[in-house]
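Asks: Residue numbers (the UniProt record's numbering): 1 to 359. By construction, the Cβ of each residue, glycine as well, lies at the ideal position given by its N, Cα and C atoms.
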């Protein structure tokens, strides 16, 4: 069967660009994948890892042979990259990007590149670089698309088709609204992680705090382990929307400070927070398959995860997803996800019978 696209170009070979390229190759969606980057080492890794079929450090006539181009460079570099690509792009080629800020990028690129539609896959990792790319990063991800009045019918048809073929879910959101929403759910949490780590780093009790830091602190601040330069560029490019989100957070923190004198009101706020957090999987059920989670306490010794998987497999229970929640010297915890409530209940019985504690 003929691939969905001919030659595809990935412009910026990092975690996200590399993952898109791997998914294109794994699903046989492109006849040939070309990678462009100004870093020769990144291109060398891309070839070695099978991310790309051909690599380039210079733009040229090869760009005009592409049927699809995907801009995956740092978000601040996208407008200039678009300007450099425009003279080479074929008039009938499709273009998109994966930047986490959309208003400025879309305004710049839709006037430069033919059949362009802005995009932002809601997927990532604190581990940067093409060496950490994997096709599964995009599986079941919500991929925001930001069409405008200037978006061509060809782009409106072709880019969502690409997203679905990659195993993700296209969701249309206006560019400005995208930036406001992402400021609250992605960029603000990053700044919070930076702030919490700064509290530790500048404390006279830094060593003791680091020793005492539990899994909750590490989970809450995990995003600070990503590329500082890329993260800096991300939040700076969205600074106007982010400033609004920071002001809202400041008001909420002041409100919570006041509630310290009113335990019952604080309890209601905490219960509301719990309901909101616990409902997060439900929010995505209109897009993703419903999942039923089970947390199991696990002794920290070799073979425990395999033992759990074997016990459930012998009982005919399929684990859809698994996440390591905590690691301690004596015990940890796993979150297991199942497709149905019945499978989760069966798993509970099987694991209790095997001697595991279920909180």
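Starting from residue 31 and walking both ways along the beta strand (DSSP E), at which residues does that stretch end?
Replies: Mapped onto the chain shown, residue 31 falls at position 31. Residue 31 -> beta strand (DSSP E) spans 30-36.
Asks: On the DSSP bridge assignment, give the partners of residue 293 in chain order.
Replies: Position 293 of the chain shown holds residue 293. According to DSSP, residue 293 bridges with 337.
Asks: Whole beta strand (DSSP E) runs in the stretch 112-147 with 3 or more residues, listed along the chain?
Replies: Fully enclosed beta strand (DSSP E) runs of 3 or longer: 118-121, 142-146.
Asks: Assuming residue 138 and residue 121 are in contact, meaning their beta carbons sit under 8 Å apart, how far apart are those beta carbons, in whole angstroms?
Replies: Position 138 of the chain shown, counted from the start, is the residue given in the question as residue 138. Position 121 of the chain shown, counted from the start, is the residue given in the question as residue 121. Contact holds; Cβ gap of about 6 Å.
Asks: Is the distance from the Cβ of residue 224 to the Cβ of residue 194 below 8 Å?
Replies: The count along the chain shown starts at 1 and reaches residue 224 at position 224. The count along the chain shown starts at 1 and reaches residue 194 at position 194. Contact: yes.
Asks: Looking only at C-alpha atoms, which of 335, 100, 238 sits nearest to residue 298?
Replies: The sequence position of residue 298 within the chain shown is 298, counting from 1. When each option's Cα is compared against that of residue 298, the closest is 335.
Asks: Where do the ends of the alpha helix (DSSP H) carrying residue 182 lie?
Replies: Here residue 182 refers to the residue found at position 182 when the chain shown is read from its first residue. 175-182 is the extent of the alpha helix (DSSP H) around residue 182.
Asks: Within the chosen definition, does the stretch 146-159 reach the stretch 32-50 through at least 3 CB pairs nearer than 8 Å?
Replies: At 8 Å Cβ cutoff, the stretches do not touch.
Asks: Can you tell me whether DSSP reads residue 286 as helix, strand or coil?
Replies: In the chain shown, counting from the first residue as 1, residue 286 sits at position 286. The predicted position of residue 286 is uncertain, since its pLDDT is 38 and thus under 50; no value can be drawn from it.
Asks: Comparing C-alpha positions only, which one of 316, 102, 309, 314 sits nearest to residue 322?
Replies: Here residue 322 corresponds to residue number 322 of the chain shown, with the count starting at 1. Comparing Cα-Cα distances from residue 322 to each of 316, 102, 309, 314, the minimum goes to 309.
Asks: Excluding the 5 residues preceding and the 5 following residue 81 in the sequence, name in chain order all residues of the same chain whose CB lies nearer than 7 Å to its CB.
Replies: Looking up residue 81 in the chain shown gives position 81. Same-chain partners within the cutoff: 11, 71, 73.
Asks: Based on the DSSP output, what are the partners of residue 70 in its beta bridges?
Replies: As a first step, residue 70 is located in the chain shown; it is residue number 70 there, counting from the start. Per DSSP, 10, 96.
Asks: Using the rule of at least 16 other Cβ atoms within 10 Å of the residue's Cβ for burial, across every protein chain shown, is residue 57 buried or exposed?
Replies: Walking along the chain shown from the start, residue 57 turns up at place 57. Exposed: under 16 other Cβ atoms inside 10 Å.
Asks: Considering only residues of the same chain and omitting the five flanking positions on each side of residue 180, which have a CB-CB separation below 6 Å?
Replies: Residue numbering aside, residue 180 sits at position 180 when the chain shown is read from its first letter. Same-chain partners within the cutoff: 241.
Asks: Compare the beta carbon distance of residue 188 and residue 170 with 8 Å and say whether it is the shorter of the two.
Replies: Counting from one through the chain shown, the residue named residue 188 turns up at place 188. Counting from one through the chain shown, the residue named residue 170 turns up at place 170. Going by C-beta atoms, residue 188 is not nearer than 8 Å to residue 170.
Asks: Span of the alpha helix (DSSP H) holding residue 266?
Replies: For the purposes of this step, residue 266 is taken as residue 266 along the chain shown, with counting starting at 1. Residues 263-278.
Asks: When you compare the CB positions of residue 68 and residue 5, do they come within less than 8 Å of one another, or not?
Replies: Here residue 68 corresponds to residue number 68 of the chain shown, with the count starting at 1. Here residue 5 corresponds to residue number 5 of the chain shown, with the count starting at 1. Yes, the Cβ-Cβ distance between residue 68 and residue 5 is below 8 Å.
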